[in-house]
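Participant: For reference, the structure I am asking about is given below.
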Amino acid sequence: MNALTMATNPLKAWLSEFLLVRGLFKGPSGQSLYAYQVTSDEYRTLRELLTSTANKALDPVHGGKWAALFCLFTAEWFRREYDASEGGWSWNGVEDRINANFNPSQRAGLVASGLEGYWQRPIHYRENGRDLLGSLFAEGGLPWLLVQSDTHGFARAVRFGLKHFYEKHGNRRSTFDLMKECEHYLPQSFRNMETRQLLVGIVEQLMALVTHHPLRNVDDPARYLDEHNPEWRMSFPIPLDEANARGLINDWLKDAGRRRQERKEKADSLHPFTCTHQLLGDLPEWRIRTSLSLPDKASLELPASELSTTRLQMAFYEGESLLAKGAVIYGHVTEERVFVQFPKTGVTLERRKPDEPLSLRLLANGHPVQTFYFEDGGLEYNDSPLIFEDRGDERYFVASASSRLEGDGAYVRMPGDYALLDGAEGNPVGVDSQGGSWLEITENVRLGNGDEVISVVLNQSAIDDYRPYLAGHASLHNSLPNTVYMGFPRLEFPEGSVNNPANTRQYANDEPVSAKRLEGFAGVVRYALKDEGGETLLRRRFGVLPVGFRVSLFAATTNKPARIVVNSDSLSAHVVNGDIESHSTKSSGDTVISIKPLGTEPPTYVSLDVSSGGHAEPVRLRLPYPYHGARLLGSDGLPLSKRDLILEELLGKQLVLASDSTREQSFYITTELVAGSDQRPKRLYEIKVGQVPQVIDLFSYQPDMVQLMGAVSSQDAYVKFTVESDHRLLDMNIRRYQGRVHMDGRRRLKVTADRFENEVLEARVVAMLVSDPKQALVSLPEAVSEGVGTGWHEIPAEMERDGPWIIYPDKDSPTRFRPHIYVPPAECMVLHDEPVRSLHTAARQFHPNHRPTVIDEQVAEMAKDFDHSGWQYLDDLRQNYAHLPLSTFETWLSVSRNKEAVAAVVFRLGTDEEFCDRLRDNLAVIWDCIPISLWVDVKERMRNWLKSKNLSEEVLGTVLESRKAVLQGITSGYECTASYLTYGNASGCVAFPLGALLPGWYQELRRTHESNRHWPTDLGEVLSNWVKQQSLPKEVANLSSVHFSDAVTYLPIFMAHVTAGKTTIEQLPYSKEYVRFAIKMISEFDRITWYRAVHAAVLSFIVSNN
């Protein structure tokens, strides 16, 4: 550096050379300060320069350059020296290093001049105003002393992200969303979106590097990258010139490479509907977490003509018990069959009964129409050994059969009748509460029970991940065993398996499997597949019924008793209920069983044992008793008299519909919104019941009810649920809450029944500070008198000092009550008279009468500013209060009213489709109401914001692609939207010949739904008139040939104009609540084949011609 220049202006000279060596001839680039990758020598000389020129800090001539260097040094000090010690998060550490001491006003001037003025970087605002120190620390990236420490969780978080990186693809989640799951690893002050974004950048960059560079067998990946991609360092927010930093980054790169290779091997070995099981807990208790793999698409075995609706509810079952609800999906009807596309290809479930088979059922209006079983879904630990292996710091199930393992150890659970053979020994670990023995083994072993032999072979370089499996047509009956096939299942050997039909033998009930022996077989099968040495490769227990087996049930009439008819006279079929009198006869090739209850009331179910006779153990079918009409059943399977339920109570409740006719009979279910308005939106469902009573799972109606309630802002709105045939059969009211808060003066409250104030309900009551959703909740315990609860909950003193508060039921509260706003008396509160610059402050100052727009104003700013602190507020709400309806919070209501903010949420918060569905259902968000141009603006805003965070173009593209994947699931005209998002124009859109195309589609729509007599007709006339006034081909204007199809036909055409920005739904002459509900109901009549297809074609036509 020139000595004369240094002497005259050393600050300017240092900055000039700093930028020059980085090729920045026109000044700072505007990127994060950590991206400049300050070297150790530069950091040392920078500290010396600032120390020696501290008197220039406030100089009107030189102060600007000094401020720029001070900001750079502060960011780098945080990156290199911050250690979270006492007083660490303060100016003291920085200023002590350069022997300076500034007051708050001076610091504000230095940061404004240096960070904003010179480096062109923003100052962040928090709930309490400008965060000067936090802004500089954010520029430094991650604190290296904490990153390299095992106690602070940063490195652990990165390893978590690498390990689960590919799972997010199956779950359709962003890396940003994934990384929030490991925030609890981090120190409290780093549990925020800025730190998460830095960690996301590291994980994404690592995976991008191992994807595009051959690092798998490289000993020093960092050195390789230095030689082949010198710019790679710029995206990492840690000082890579530190020797141990290179060691850590090499470890991360190698870990990333392993994860990528594991992903490839797993993808090669998987077939549809498989699962993996992780072992959790400590003896004597243990539990299983199961990760399911679903295909992208699947076809239904039921023809489209037999479907009552193409809208299907996914539900995961253990045996016959509901384990978890899934998403709502839509069938795509073709000439030959119905296809469905799953929103996620990966699902993780906490098991309750791991020995029960695991299945996915698709329900149409609550009735199962398809069951998919997961291979190895049930761990039959009472009959078979369980073999586990360690993968990193976790333990996974391998098989209940002979296994070849890569590792040098295994973990085995043996049931009581199994033992180690050949004198082998294992290290006993313990005995569990079911009596199973757990062993840790470090050598090859064989174990058996006299009938079967299983080997566990360790240290194998070649392992067989391509295990054989059974496939077949599953019965939809409620049965024991839970898995019953129609006909004997076929054995499948995946491509690449070392086993094949020639070197294996199949056994059923200890007898070799042969076509002759299985002809007409019905009963329980204990199946085993063995190799040539007699070792067991696969074990299963299932039932078999003959192909074409059918059972019919008829209710009692005046002249005939109730009866069961089995379409075979060669099968053994008999009723086993102790409370039913039965008599069996053979007639015309059928088995007819007359049944009569022994008590005054018929039982809920009748158990029918079916077998082919001989020594076959029968399959037990659990059939609904043919009792004409509608019966409501509780979770215990018994009749339920309660007629007031809340949404959560629908889980496990069933409705049994039975016909009194030999012909098909129609039942009608109506859900009607009651919200104190003249317009009461309703939905009608037709259920056709034939010769088998239908069991309807009521939870499948829950999404529709949530949508109905979400159409209005009232938390007290409820749904009237009615069942009718030729007369009314059943009425219920479905509400959000069972109770409400009753305040007694200022300092105590009780939870009372919704309509009976004197009925006090047991509840766990907690409260959140509205202005700070990250703050720990406050418990309001029940007051006790002489050891007995009084029903009263005291307001603690801390709730009197600030506010407002939301009082709500804790997650495990026995009563779900309506959230209640509590505002302390003005004389108790510490009043905050500050300008509103954050959502935190806006939430504190909001009042529906005095300051009704203060939250709306901050939400509007957030939509434009992705660095706004309000995003942290929303993220905290989303994480910490997921169990409450979104409509509980005025902030989410405000977001739902702002289209730009709704679009920004999808990008900035990295939301998945599941959360987007919550926005749709809880807040009546209609995604097709957001214009394409708005999606483009928000995408560009996200892109620019990500660039400011110093993400590489490669990683930036990956992040944006994850957002496009979500849009593909939630918007209808995605193909055209994708063109705009990619090119910024309509170059990828096609001007389809609508006049020639849509009439043919319309005829197909009519044919598909020709048996449906209840097409939705809401908005039909107004939509028909609107379309006729547009500049569209005459064939489109006159597309609907009958009035009842007007609404379904014309809605996608209208909504395409909304998405194109040509009109809005506010132009329809009805209340916005009714319009939003009607749009959702009509669009779901045939969402995939008609609504989405027509919407996409018309949207493409509009933008191509404009």
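Numbering (the UniProt record's numbering), first residue to last: 1 to 1106.
Ideal placement from N, C-alpha and C gives every residue a C-beta, glycine not left out.
As the structure is a prediction and not an experimental result, all values here were calculated from the model.
(1) Are the beta-carbon atoms belonging to residue 579 and residue 561 less than 9 Å from one another?
(2) Go ahead and pull the three-state DSSP assignment for residue 195.
(3) Taking the beta strand (DSSP E) that residue 791 belongs to, which residues open and close that run?
(4) May I have a chain-ordered list of the alpha helix (DSSP H) segments no shorter than 4 residues that lie completely inside the region 1054-1083?
(5) Let me know if residue 788 comes out buried or exposed under the rule of 16 or more other beta-carbons within 10 Å of its beta-carbon.
(6) Leaving aside the five residues before and after residue 695 along the sequence, list all residues of the same chain whose C-beta is less than 6 Å from its C-beta, in chain order.
(7) According to the Cβ coordinates, are residue 766 and residue 208 closer than 9 Å?
(8) Any idea what DSSP makes of residue 61, helix, strand or coil?
(9) So, under 8 Å CB-CB, residue 142 and residue 72 are touching, yes? Tell me the CB distance rounded to an integer number of Å.
(10) Report, in whole angstroms, the separation of the C-beta atoms of residue 998 and residue 1027, which I expect to be a contact under 8 Å.
(11) Once the 5 residues before and after residue 174 are set aside, which same chain residues still bring their CB inside 6 Å of it?
(12) Write down every uninterrupted run of the beta strand (DSSP E) in the region 741-811 whose length is 3 residues or greater and which is fully enclosed by it, in chain order.
(13) Once you ignore the five residues that flank residue 269 on each side, which residues in its own chain have a CB closer than 8 Å to its CB?
(14) Return the CA-CA distance between residue 51 and residue 92, expressed in angstroms with no decimal places.
(15) On the DSSP bridge list, what partners appear for residue 278?
(16) Mapping the DSSP letters down to three states, classify residue 210 as helix, strand or coil.
(17) Along the alpha helix (DSSP H) that carries residue 228, what are the first and last residues, could you check?
(18) Count the CB pairs spanning the region 296-312 and the region 339-347 that are closer than 8 Å, and state whether there are at least three.
(19) I need the DSSP call for residue 708, collapsed to helix, strand or coil.
(20) Counting only the same chain and skipping the five closest in sequence on each side, list residues whose C-beta sits under 7 Å from that of residue 65.
(21) Determine the extent of the alpha helix (DSSP H) in which residue 21 is found, giving its start and end residues.
(22) Between the alpha carbons of residue 935 and residue 863, how many angstroms are there, rounded?
(23) If I measure Cβ to Cβ from residue 314 and keep anything under 7 Å in the same chain, skipping five residues before and after, which residues do I get?
(24) Are the Cβ atoms of residue 133 and residue 122 separated by less than 9 Å?
(25) Apart from the five residues just before and just after residue 942, which ones in its own chain have a Cβ nearer than 6 Å to its Cβ?
(26) Where do the N-terminal and C-terminal ends of the beta strand (DSSP E) with residue 329 fall, by residue?
(27) For residue 508, which three-state DSSP category applies?
(28) If you draw a straight line from the alpha carbon of residue 609 to that of residue 371, how long is it in whole angstroms?
(29) Among residues of its own chain, excluding the 5 on either side of residue 1055, which ones have a beta-carbon nearer than 6 Å to its beta-carbon?
(30) Less than 6 Å between C-beta atoms, sequence neighbours within five positions excluded: which residues of the same chain meet that for residue 438?
(31) Quick one: using the 10 Å Cβ neighbour count with 16 as the cut-off for buried, is residue 205 buried or exposed?
(32) Flag this pair as touching only if the region 147-158 and the region 183-200 have three or more C-beta atom pairs under 8 Å; answer yes or no.
(33) Smallest Cα separation from residue 530: which of 509, 505, 544?
(34) What residue ranges within the region 989-1035 form continuous alpha helix (DSSP H) runs of no fewer than 4 residues, ordered along the chain?
(35) Within the same chain, show all residues whose beta-carbon is closer than 6 Å to that of residue 919, passing over the 5 residues directly before and after it, in chain order.
(36) Helix, strand or coil for residue 642 per DSSP?
Facilitator: Taking the coordinates as given:
(1) no
(2) helix
(3) 788-794
(4) 1072-1083
(5) exposed
(6) 624, 654, 656
(7) no
(8) coil
(9) About 17 Å; that fails the 8 Å criterion.
(10) The Cβ separation is near 11 Å, so there is no contact.
(11) 910, 962
(12) 748-753, 765-769, 778-780, 782-785, 788-794, 805-809
(13) Because residue 269 sits at a pLDDT of 49, beneath the cut-off of 50, its placement in the model cannot be relied upon, and the following sentence gives the value as read from the coordinates. These residues qualify, in order along the chain: 465, 466, 494, 496.
(14) 14 Å
(15) 289, 396
(16) helix
(17) 221-228
(18) yes
(19) helix
(20) 11, 12, 15
(21) Looking at the DSSP string, residue 21 is not in any alpha helix (DSSP H), and its letter there is neither H nor E.
(22) 12 Å
(23) 326, 327, 329, 360, 362
(24) no
(25) 907
(26) 321-333
(27) strand
(28) 22 Å
(29) 928, 1095
(30) 413, 429, 430
(31) buried
(32) yes
(33) 505
(34) 994-1008, 1020-1028
(35) 925
(36) coil
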